[in-house]
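Residue numbers (the working numbering): 47 to 134. All C-beta atoms, glycine included, are put in the ideal place defined by N, C-alpha and C. Inspection log for the structure reproduced underneath, given as structure tokens.
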Amino acid sequence: MEQLPIGVSYSNPRVTFDGKYWYLSIGINQEQEQQKLTDEVVGIDVGVKELAVCSNGMVFKNINKSAAVRKTEKRLRRLQRKVSRNMR
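Listed below in structure tokens is the structure:
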């Protein structure tokens, strides 16, 4: 359970019931610092091998090409076939 922040204003409280659990959701109004913008312009190339390559040299790896993700997807396909066979 999360603690509610103190010293902020709340808005739009809602209580919902899904047949099993009760949920309380509220909006929180709080000040956030404005980030300073720079005059730097960056071009982004979205690719298949790398997720994105920026013109300033930053490279973002594509996590979907990692061995852990491939192994997990292979296991998921196997389990989905198993469940599909059991449903017949």
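{"Item": "Cβ distance (whole Å) where Ser-101 is taken to contact Gly-89 below 8 Å", "Value": "4 Å"}
{"Item": "Extent of the continuous alpha helix (DSSP H) run through Thr-84", "Value": "Unbroken run through Thr-84: none, as it is neither H nor E."}
{"Item": "Pair within 7 Å by beta-carbon distance, Ser-55 and Gly-73", "Value": "no"}
{"Item": "DSSP three-state assignment for Leu-70, whether helix, strand or coil", "Value": "strand"}
{"Item": "Straight-line gap, Lys-95 to Thr-84 (C-alpha atoms, nearest Å)", "Value": "29 Å"}
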